[in-house]
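Everything below concerns the one structure shown next.
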Amino acid sequence: MKVLAAVRRGLSRGALSLLAGLAGTSASFSASLGGPARALPAQAAPPVPLAVEAAPALSPGARRAYAELLKLKVTTCRQLLSNEAPKAPGTLLVADCADFVELIISQDAGRYDATLAAQEARLTTLEKQPASALRDYAQAEISLHQALTEIGFHHEVRGAWHLRRTAGLMQAVAERYPAFLPARKTLGLCQFGIGSLPEGYHWFLRLLGLRGSVEEGLRNLGLAAAQPNDFQTESQILLALIRESYYKQGTESLAVANRLAREQPDNLLFSYLVISLYKRQHRGEEALAAYQARPTGPAYFPIGFVHHLAGDLLLYHGDYAASQVENEQFLREYRGDYYRKDAAFKLYLAAWLGGAPAATQARYRQQINLAGPLTIEEDIYAQRFYHDAQLLNPVLTRARLQTDGGYYAQALSTLQQFRLTAATPARDQLEAPYRRARVWQGLGRLDSARADYERTLRRSA
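Residue numbering for the sequence shown follows this note's numbering, beginning at 5 and increasing consecutively.
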């Protein structure tokens, strides 16, 4: 079931995984599949506003609790919820979001059974309550949390069934309460996530009875992002992230994330988004500055993965000892199976490039081969390196890391140290002009980049 594996990969990745935890969305579908930049459809123009539902989605107390959850202050969120009516739909919804956030961020399989049991209990409670926009929305949203929980932890068949059920529930909520904007948010994300999947997955979606549309999804999400509602901020972030991951429009995503981080400097989620987006845009210096400025303290639910991001950023910068410290902390704190091979590989690179003792290098290299799934590209690459008999070239490796961090001038200087000889492996003969081309492209020297790309193609022939 490749389509469900794609969802699972998306739930394990960076910024979108955090938003998936809060929104319970399928936004990670398209992000996990990658692909070239697409043109925004004409239908993605600003949507025609709806008459907003008169009744707010959440009570004032539940709204404050949700605001704290957006900051990743999970304990504070639960303390505020303790003063709310325990069976109220808004209380149940925010409580479920808190559980799901903890599970998705930590990737802790030990939380799985308890999380599912709590979801079932909340759905049973909601089923006994009178129908309303918030009650019906909470049912659909918790059902989506349930589906993504199961898919994310390798129970694909049950997850697929719950995903099908969720899509129908959310469609019904949007039709029954057309001005209830939170439903537009989640429906839009489901529609976009399903509609953006490649043609090869459509047979599986038809089998599940799932229908999607990129245009309809963006329109519904745009409605929730453009008009005041309890989940407007979340909708704005998700819409911006879709533009960055699917349409490769990173400038808008960064503008939204930076604005939110400035408005709420104590919000760890917003800071994390800034770090992650700067990294994805190859702006390592700004990503490092955002990492160092992020809010910290015991009030926040720990994001182990942020230390892996920092380890990469410091590796790009050439701070090898600091990179090792961050990745070691990631491996201690993170409970998931993914990225462990990648972290061990990055530890090896930092030790190797930093001139650590041979025994230290060998220990990190051996750590790559420890048990762990080969699901995400980074772990697959690390495992391939472990089995590869050909050693990496230190000059090309350092230049590659500098390029990934956006340190193009430094990378160009590093590449000048590369010397082609009769003994140079064919792989390195190809990589050298390719790395130069990437550097020229980053510096805006497109003619020089084109020449080196052509040189790479000639050598490959």
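Glycine is no exception: its CB is placed at the ideal position from the N, C-alpha and C atoms.
Cα separation between residue i and residue j?
{"i": "Gly446", "j": "Tyr412", "result": "6 Å"}
{"i": "Gly192", "j": "Gln231", "result": "15 Å"}
{"i": "Pro306", "j": "Ser452", "result": "44 Å"}
{"i": "Phe274", "j": "Thr428", "result": "46 Å"}
{"i": "Ala455", "j": "Ala441", "result": "8 Å"}
{"i": "Arg336", "j": "Leu130", "result": "38 Å"}
{"i": "Thr170", "j": "Tyr295", "result": "36 Å"}
{"i": "Ala325", "j": "Leu351", "result": "9 Å"}
{"i": "Leu461", "j": "Arg431", "result": "13 Å"}
{"i": "Glu289", "j": "Ile372", "result": "28 Å"}
{"i": "Asp392", "j": "Ala66", "result": "54 Å"}
{"i": "Lys189", "j": "Ala347", "result": "35 Å"}
{"i": "His158", "j": "Cys194", "result": "20 Å"}
{"i": "Ile155", "j": "Tyr320", "result": "33 Å"}
{"i": "Lys77", "j": "Leu85", "result": "13 Å"}
{"i": "Ala415", "j": "Arg210", "result": "48 Å"}
{"i": "Arg139", "j": "Gln365", "result": "56 Å"}
{"i": "Trp165", "j": "Gly376", "result": "27 Å"}
{"i": "Leu227", "j": "Gly199", "result": "18 Å"}
{"i": "Pro437", "j": "Val443", "result": "10 Å"}
{"i": "Val177", "j": "Gly410", "result": "45 Å"}
{"i": "Phe349", "j": "Gln111", "result": "21 Å"}
{"i": "Gly301", "j": "Pro202", "result": "42 Å"}
{"i": "Thr379", "j": "His312", "result": "17 Å"}
{"i": "Arg162", "j": "Leu245", "result": "28 Å"}
{"i": "Tyr250", "j": "Leu225", "result": "15 Å"}
{"i": "Glu160", "j": "Leu167", "result": "10 Å"}
{"i": "Arg367", "j": "Tyr390", "result": "12 Å"}
{"i": "Asp323", "j": "Ala99", "result": "41 Å"}
{"i": "Glu458", "j": "Thr79", "result": "56 Å"}
{"i": "Pro269", "j": "Gly308", "result": "20 Å"}
{"i": "Glu220", "j": "Ala69", "result": "31 Å"}
{"i": "Leu127", "j": "Ala102", "result": "15 Å"}
{"i": "Ser417", "j": "Thr407", "result": "11 Å"}
{"i": "Arg115", "j": "Gly94", "result": "23 Å"}
{"i": "Gly340", "j": "Tyr304", "result": "19 Å"}
{"i": "Glu179", "j": "Arg223", "result": "15 Å"}
{"i": "Leu395", "j": "Glu248", "result": "35 Å"}
{"i": "Leu262", "j": "Tyr181", "result": "The residue you asked about is not Leu; residue 262 is Asn in the sequence shown. Looking at the two C-alpha atoms, the distance is approximately 33 Å."}
{"i": "Ala187", "j": "Pro134", "result": "18 Å"}
For residue i versus residue j, is the C-beta distance shorter than 8 Å?
{"i": "Ala144", "j": "Leu173", "result": "yes"}
{"i": "Leu96", "j": "Ala142", "result": "yes"}
{"i": "Gln285", "j": "Leu258", "result": "yes"}
{"i": "Ala355", "j": "Gln387", "result": "no"}
{"i": "Gln175", "j": "Ile146", "result": "no"}
{"i": "Arg402", "j": "Leu434", "result": "no"}
{"i": "Leu74", "j": "Asn271", "result": "yes"}
{"i": "Asp383", "j": "Tyr338", "result": "no"}
{"i": "Phe422", "j": "Leu405", "result": "no"}
{"i": "Val260", "j": "Gln240", "result": "yes"}
{"i": "Cys81", "j": "Glu72", "result": "yes"}
{"i": "Ser63", "j": "Ala92", "result": "yes"}
{"i": "Phe196", "j": "Gly216", "result": "yes"}
{"i": "Ala229", "j": "Leu243", "result": "yes"}
Let me know the secondary structure DSSP gives residue i once reduced to three states.
{"i": "Ser327", "result": "helix"}
{"i": "Ala142", "result": "helix"}
{"i": "Asn87", "result": "coil"}
{"i": "Gly322", "result": "coil"}
{"i": "Arg298", "result": "coil"}
{"i": "Gly226", "result": "helix"}
{"i": "His391", "result": "helix"}
{"i": "Lys488", "result": "Nothing about residue 488 can be read from this structure; the chain reaches only from 5 to 465."}
{"i": "Phe196", "result": "helix"}
{"i": "His286", "result": "coil"}
{"i": "Ala345", "result": "Residue 345 is actually Lys in this sequence, not Ala. Helix, per DSSP."}
{"i": "Gly213", "result": "coil"}
{"i": "Gln236", "result": "helix"}
{"i": "Tyr411", "result": "coil"}
{"i": "Ser63", "result": "coil"}
{"i": "Arg459", "result": "helix"}
{"i": "Phe157", "result": "coil"}
{"i": "Phe305", "result": "coil"}
{"i": "Pro40", "result": "In this predicted model, Pro40 has a pLDDT of only 48, less than 50, meaning its place in the structure is not dependable; the value taken from the coordinates is given anyway. Here Pro40 sits in coil by DSSP."}
Please confirm whether residue i has its beta-carbon closer than 8 Å to some beta-carbon of chain C.
{"i": "Tyr141", "result": "Among the chains of the structure shown, chain C does not appear; only one protein chain is present."}
Margin query: I'd like to know if the segment 432-451 and the segment 357-365 are in contact, where contact means that at least 3 CB-CB pairs between them fall below 8 Å.
Written below: Counting Cβ pairs under 8 Å, fewer than three are found: no touch.
Note to self: Does the segment 146-163 come into contact with the segment 113-128, if we say contact requires no fewer than three beta-carbon pairs (one atom in each stretch) closer than 8 Å?
What the structure shows: yes
Check: How about the segment 253-262 and the segment 280-288: do they share at least three Cβ pairs that are nearer than 8 Å?
Finding: yes
Notebook entry, point to check: Counting Cβ pairs, one atom from each stretch, are 3 or more of them under 8 Å apart for the segment 319-334 and the segment 103-112?
Noted result: no
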